[in-house]
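**Q** Residue numbers for the sequence shown follow the numbering used here, beginning at 743 and rising by one. C-beta: ideal position from N, C-alpha, C; glycine also.
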Amino acid sequence: MKKSLCILPLIINFALCFEEIVISQEEITKNGIKVIPLNQVFNTKGVPFNALIDFDERTSNTQSSSFGIIVVNIYKREGEFVNEGDLICDISSNELSGMFFELTNTQEKLKIASENERKDKSLYKAGVISKREYQLSYLAMNELRLKLNEIKSKLDLLGIDPNFIKNGSQGKYGFPVVAKTSGILSVAPKQSGEKIEAFTPYVRISKVSDNAANNLLGRIKIPIHLSHNIQKGAPVFDDDGNKIGEIETISVVIDKVSNTILATANIRNTNFKVGEMIEVYIDGLLPKGTILIPSSAVIKNGNDYLIFVQSAKGFKPTKIHKVEERDNSFVIDPKGLNNQMKIATGNIISLKGMMDGLGSE
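#1: Please report the distance separating the alpha-carbon of Ala954 from that of Asn1008.
#2: Touching or not, the region 1018-1034 and the region 783-797, by the rule of three or more beta carbon pairs under 8 Å?
#3: Could you spell out the range, first to last residue, of the beta strand (DSSP E) harbouring Arg961?
#4: Determine, using beta-carbon pairs with one atom in the region 965-981 and one in the region 843-860, whether at least three such pairs fall under 8 Å.
#5: Going straight from the alpha carbon of Gly983 to that of Asp1069, what length do you get?
#6: Going by DSSP in three states, Ala1039 sits in which element: helix, strand or coil?
#7: In the DSSP assignment, find the beta strand (DSSP E) that holds Ala1005 and state where it starts and stops.
#8: Report the three-state DSSP secondary structure of Leu829 (helix, strand or coil).
#9: Apart from the five residues just before and just after Glu859, which ones in its own chain have a Cβ nearer than 6 Å to its Cβ?
#10: For Arg800, does the three-state DSSP call read helix, strand or coil?
#11: Please say whether Val1065 and Pro1029 have beta carbons closer to each other than 7 Å?
#12: For the beta strand (DSSP E) containing Tyr817, name the first residue and the last one.
#13: Here's a check: name, in chain order, each residue in its chain whose Cβ is nearer than 7 Å to the Cβ of Ser1071, leaving out the five neighbours to either side.
#14: Determine the direct distance from the alpha carbon of Phe917 to that of Val1073, and round the result to whole angstroms.
#15: If you draw a straight line from the alpha carbon of Ile811 to that of Ala930, how long is it in whole angstroms?
#16: Can you tell me whether DSSP reads Leu1027 as helix, strand or coil?
#17: Between the Cα of Glu892 and the Cα atoms of Lys932, Lys867, Met841, which residue gives the shortest distance?
#18: Taking buried to mean at least 16 other C-beta atoms within 10 Å of its own C-beta, is Phe756 buried or exposed?
See the structure below:
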């Protein structure tokens, strides 16, 4: 039993050591194998990620409610262009009805309070009443004015038509919501009867410049273990290797559900649509102490990754430690390797076949 235990490490070490593959230069050329320096620089698009295309909030106007509402009628839908003041939809709720009642009630009270203030001001100037008595009527009027402005601000945040507020009469189908600015309706209610939860933006209008693509963002979730390699300003490429933007911001907050952080990229000169999920590549920094080699130089052998280092008579299969995989490349730990080495690329499957053949003998 002791002899068996002593022999086991020798068997493992032998299994990890690969024999040199003897091959002539003529066979190398014939098999489509090329030799490149280990430290050769080559083009890569970077690390692949999914990006959700969205409008830039800095050029958008959002309308929301601090309480739940029901959509009772729809006039404009997502994707349509709207001008400032265009009717988008009608909404309704008990809270909104109560707010509107409070608006009209406060307006009537303010009329009376304003009239009282004007009379008391005349009486104060005539010396009939004291300044304190006049101040009481002034403060009562001002308190109602502040309350009225507060109600109007809440209705304005909802996007309720200002003319509707001014006229003081309820709409035919509910409370009319209008566009507060001109642009593309990027968020809007989808159907009548839809319930909008409190504090949920239900209308968003995105301003569009002459070049609409300049208004797009790519929202990219980056795994924590890769986040340190992605820097602000890093170029972003599409699937064809074309540069379509740069990383603009990187969040410092971790999404505990997905264990990722959010990076935002400016996306330009594209035909992408808002809401579309696309694959992008970010040319991030290499982890410290690593190098980049082409995927065409790496082959899998069981659970291991191998490269073929050029030797005196051919190639020596060498196990590598993969740190991460990128577009057409591998980031590896160069331990045991040096910059003077040359490695095989191209049709290295033929070298794998020779290696397996030698191993079976």
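**A** In short:
#1: Residue placement at Ala954 is poorly supported in this model, since its pLDDT is 47, which falls under 50; the coordinates still yield a value, given next. Computed Cα separation, rounded: 12 Å.
#2: Yes, they touch.
#3: Arg961 -> beta strand (DSSP E) spans 958-965.
#4: In this structure the region 965-981 does not lie against the region 843-860, because fewer than three pairs of beta carbons, one per stretch, are closer than 8 Å.
#5: Their backbone Cα atoms lie some 10 Å apart in a straight line.
#6: Helix, per DSSP.
#7: Start and end: 1002-1009.
#8: Strand, per DSSP.
#9: Counting only Cβ-Cβ distances below 6 Å, and skipping sequence neighbours, we find Ser879, Tyr880, Met883.
#10: For Arg800, the three-state secondary structure derived from DSSP is helix.
#11: Contact: yes.
#12: Unbroken run through Tyr817: none, as it is neither H nor E.
#13: Contacts found: Thr786, Leu1034, Ile1035, Pro1036, Ser1037.
#14: If I take the Cα positions, the gap works out to 59 Å.
#15: Answer to the nearest angstrom: the Cα atoms are 13 Å apart.
#16: Leu1027: coil per DSSP, three-state reduction.
#17: Taking the Cα of Glu892 as reference, the smallest distance to any Cα among Lys932, Lys867, Met841 is reached at Met841.
#18: Caution applies to Phe756, whose pLDDT of 38 falls short of 50 and renders its modelled position unreliable; the value that the coordinates give is listed next. Exposed, by the Cβ-count rule.
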